[in-house]
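Residues in the sequence shown are numbered consecutively from 3, following this note's numbering. Backbone N, C-alpha and C fix where the C-beta goes; we use that ideal spot for every residue, glycine too.
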Amino acid sequence: MSNPQQLRYSKEHEWLSALDDGVATIGITEYAANALGDVVYAQLPEVGDTVTAGETCGELESTKSVSDLYSPVTGEVTAANQDVVDDPSLVNTAPFEGGWLFKVRVTQEPDDLLSADAYTEFSGN
């Protein structure tokens, strides 16, 4: 399993892209997707919602369990991936590409986000 170097990661197993005009894309890592098993349902935050770093903002349901989705940053949701709502298996098949979950106009970013190498060490993969 490889974690893309250009992304940053949370200890809750979310990834975060670099800011593009103040907006970051967020998803869950391949490690988290594999741990969840086959994702069958995604409840994502809605456009206009405010999310807070470290707090729940949705959930992913798999054949194994239901898992809370945490936001790695604070800000306003600017997009939710309707493709994932329609086909939650994208989280498993393309967690770093088509399986992204939502986008946030970031107002605050915590200091504890991890580099790809630090996340790999943290997650043990």
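Using 7 Å as the cut-off, classify the Cβ of residue i as near or not near the heavy atoms of the ligand NAP, replying yes or no.
i     : result
Val42 : Among the ligands in the structure shown, none appear at all, so the ligand NAP cannot be discussed.
Excluding the five sequence neighbours on either side, which residues of its own chain have a C-beta within less than 6 Å of the C-beta of residue i, listed in chain order?
i    : result
Pro6 : Phe98
What are the boundary residues of the alpha helix (DSSP H) that residue i is part of?
i      : result
Ser125 : Ala118 to Ser125
Ala35  : Glu32 to Leu38
Suppose the cutoff is 7 Å on Cβ atoms and the five residues either side in sequence are ignored; what does the same chain contact list for residue i look like?
i     : result
Ala81 : Val49, Phe104 and Lys105
Ser91 : Asp40 and Val41
Helix, strand or coil for residue i, going by three-state DSSP, please let me know.
i     : result
Thr65 : coil
Asp89 : coil
Thr95 : helix
Gln84 : helix
Glu78 : strand
What are the start and end residues of the beta strand (DSSP E) that includes residue i?
i     : result
Ala20 : It is not in any beta strand (DSSP E) - Ala20 carries neither H nor E in the DSSP assignment.
Looking at C-alpha atoms only, which residue of the options is the closest neighbour of residue i?
i     : options                         : result
Leu62 : Leu38, Thr31 and Ala55          : Leu38
Glu32 : Gly101, Glu123, Gly77 and Gly60 : Gly101
According to DSSP, what are the bridge partners of residue i?
i     : result
Asp70 : Glu61
Lys13 : For Lys13, which the question treats as bridged, DSSP gives no partner whatsoever.
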